[in-house]
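Residue numbers (my numbering): 55 to 646. Using N, Cα and C, we set each Cβ at its ideal position, and we do this for glycine too. Computed from a predicted structure; not experimentally measured. One structure is given below, encoded as structure tokens.
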Amino acid sequence: MLNKQQQLAVDSKSMKKLIIASAGSGKSTTLVQIIKKDTERISPENMVAITFTRNAANELKEKVHSAGVSELNAETIHGFCLKILTKYIHEIEWEDNFVLFDQDDRNDILKYINESQQILPKTMTLEKGLKDDKYKTKILRAYYSLMQEYNEIDLNMIIDLTVMLLENQDVLEEVKKQYKAFYIDEFQDTYAAQLTILKAIDPELLVVIGDPDQSIYEWNDAKPEYIINTQYIFPGMEMFKLEINYRSTHQIVNMAESLIKNNIKRIDKTAKATRDGVPVEFNLDNETLKDQINIIAENLSDPFKHNAIICRKNGTALAIADQLHDMGYPVNLVLSSADIMKKEHIKSLLYISKSIVNSNDDYSVMKSICFLHGKALNEIMPYYEHAGQTGIPLSTHLKASNKDFYSSIDKLYQLNDKVLITDAYESMKSIFSEFNIISRYSDQHRETRLSELEEFRKEVKKWRNVQSFKRLDTSLAAFIRWVMIRDIQDTLKKDTDAITIMTVHGSKGLEFHKVFIPNFFQKEFPMTRSDNIEEERRLLYVAITRAKEELMITSCNTKKLFNGFTQATEPSQFLKEIYKSDNKSKIKRATQ
55 MLNKQQQLAV DSKSMKKLII ASAGSGKSTT LVQIIKKDTE RISPENMVAI TFTRNAANEL
115 KEKVHSAGVS ELNAETIHGF CLKILTKYIH EIEWEDNFVL FDQDDRNDIL KYINESQQIL
175 PKTMTLEKGL KDDKYKTKIL RAYYSLMQEY NEIDLNMIID LTVMLLENQD VLEEVKKQYK
235 AFYIDEFQDT YAAQLTILKA IDPELLVVIG DPDQSIYEWN DAKPEYIINT QYIFPGMEMF
295 KLEINYRSTH QIVNMAESLI KNNIKRIDKT AKATRDGVPV EFNLDNETLK DQINIIAENL
355 SDPFKHNAII CRKNGTALAI ADQLHDMGYP VNLVLSSADI MKKEHIKSLL YISKSIVNSN
415 DDYSVMKSIC FLHGKALNEI MPYYEHAGQT GIPLSTHLKA SNKDFYSSID KLYQLNDKVL
475 ITDAYESMKS IFSEFNIISR YSDQHRETRL SELEEFRKEV KKWRNVQSFK RLDTSLAAFI
535 RWVMIRDIQD TLKKDTDAIT IMTVHGSKGL EFHKVFIPNF FQKEFPMTRS DNIEEERRLL
595 YVAITRAKEE LMITSCNTKK LFNGFTQATE PSQFLKEIYK SDNKSKIKRA TQ
């Protein structure tokens, strides 16, 4: 049953709606009902819902289906743009069977371009060079040229090329004809290029839903101003506010509100909780991070999966995960650095897989040969460049240059027939066997890599089983596509009773029975004093509002520096904003 605010948004006949949804205010329920209502005027096959993560897209699709609506297109922005690119990319002189690059691939190529063409001064890093307009244009022009030569695109280019495609009036008209209604979730995370796509399509019906108080991706050009100014960007848009929080207790909601009201860049709203709970606990007088972790361990809820430790920095999350693991606690570390698919040797297996699925993917062939034969990237890269210049496949150049390369490439070709008739799990078993992957590490006594291989094998099997249950594609090609565009939250082990440890950015959209926020001192909460204090405040707001029942904030008096020395910490400037008597919060002193 909808509350009054939700019902108003659903019942409105406006063709353009802006819904400002406080944390935990039932925005998914509201969005589902709006979509259901809109099927009275637009066919579901002409609707598309854009969500922030693949998990959110799948959940929304399931909820809409349960409400009696089928055929809804629910995608992330990258997934939606990939659909357009797959259908129309030939219009901008790329071929249909383009290859997807991840961020590491992009960085490898950019680094090689800079080194081979000596674009940047030797004292300048690539990261700094890409922020300097003097060098950025030259590097990216060479990069885009190379990518087009090899029919490859990275995740950033998915959006940029879609913008370029929609400048073609014929393509734009076909897209507008197919997609007449857009529902954009987490609109506060929209950035300029995405907004350009939405403005170009200018759908008949547009519903955007989000919360400027939860905009935490300004480093990626996702500015809260976009949602704040939506009514100016899309004239005639009617605004609704959802202010009743069903997730968190009165104490948690009041604390979050007392914090976020200090921001200026926001839309005025006041969240209200529906139930009372226990006081928020502050445990600030610890000596070290290790003491904080001991306090956290003593206060964990049962079962472990009801607990989340939400950190501002990756390093803090790693340190906490290591200590809790050593103490015998089960942990689920949700970080890119802990992602099994990001391990270098696992990525090499994925390159081998991509080479088998698509023999025209010269980049993956190159990376496969580097792995199988212990070659550095810059040893094979000249062959790669020469292949692009001559139009002759890289495999032909490599087979002619080295008989060992010849043997490996032939195995890749032979496996192609096998993977066409098997699922991803069985295909991966064939790769392990054909290239002696396990014996390679066994002979070298590399136990860590062997255990990572086993974890990878289990992940592939689990993916295959889920896909099979849903009657979806289980092929190796489908698995590779999933790996390329999945979210960090896909690494959450929901079926395991373990403590979730993540950064604030990784926690977006999640909720837990009990949340711990450690290292509550300056230079962590917030990481800066003045550079962008409002985003730092929004980050803390997001962390606080992940908690449903209990919240504990901890800190310590000293922190360890990279050189091994310790330094005194300074209490967070946010403490005076969130520690209010009317929150019934209490400070516990550390037990020594």
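- Boundaries of the beta strand (DSSP E) around Ile263: Leu259 to Gly264.
- When DSSP states are grouped into helix, strand and coil, Phe358 belongs to the helix group.
- Taking the CA atoms as reference points, Glu335 sits about 12 Å from Pro572.
- Ranked by Cα distance from Ala371, the options Leu260, Gln346 and Asp356 are led by Gln346.
- A residue is called buried when at least 16 other Cβ atoms come within 10 angstroms of its Cβ; Met201 meets this threshold and is buried.
- Within the same chain, and ignoring the five residues on either side of Val123 in sequence, the residues whose Cβ sits closer than 7 Å to its Cβ are Ile89, Lys90, Thr93 and Pro98.
- Within the same chain, no residue comes within 6 Å of Ser455 by CB-CB distance, once the 5 residues on both sides are set aside.
- Short of 7 Å from the beta carbon of Asp458, and not among the five residues preceding or following it, lie these beta carbons of its own chain, in chain order: His427.
- 9 Å or more divides the Cβ of Val569 from the Cβ of Ile270.
- Uninterrupted alpha helix (DSSP H) stretches at least 4 residues long and entirely within the region 515-594 occur at 530-539 and 558-561, given in chain order.
- In the pairwise beta carbon analysis, the region 292-309 is classified as not touching the region 243-261: fewer than three pairs are separated by under 8 Å.
- Taking C-beta atoms as the reference points, Phe358 and Pro333 fail to come closer than 9 Å.
- Three or more beta-carbon pairs separated by less than 8 Å are not found between the region 109-116 and the region 362-382, which leaves the two stretches without contact.
- With contacts defined by Cβ atoms closer than 9 Å, Gln60 and Leu296 form a contacting pair.
- One Cα belongs to Glu508, the other to Ser484, and the distance between them is close to 15 Å.
- Under the three-state reduction of DSSP, Ile212 is assigned to helix.
- Rounded to whole angstroms, the separation of the alpha carbons of Ser407 and Asp477 is 12 Å.
- With fewer than 16 other CB atoms across the displayed protein chains lying within 10 angstroms of its CB, Gln498 is exposed.
- With a cut-off of 8 Å on Cβ pairs, the region 180-188 is not in contact with the region 208-220, counting fewer than three such pairs.
- For Met101, the uninterrupted beta strand (DSSP E) run begins and ends at Met101 to Thr105, by DSSP.
- Met606: not part of any alpha helix (DSSP H); member of the beta strand (DSSP E) spanning Ala601 to Cys610, first to last residue.
- When secondary structure is reduced to three states using DSSP, Thr620 falls in the strand class.
- The region 230-243 makes no contact with the region 435-452; the number of CB pairs closer than 8 Å stays below 3.
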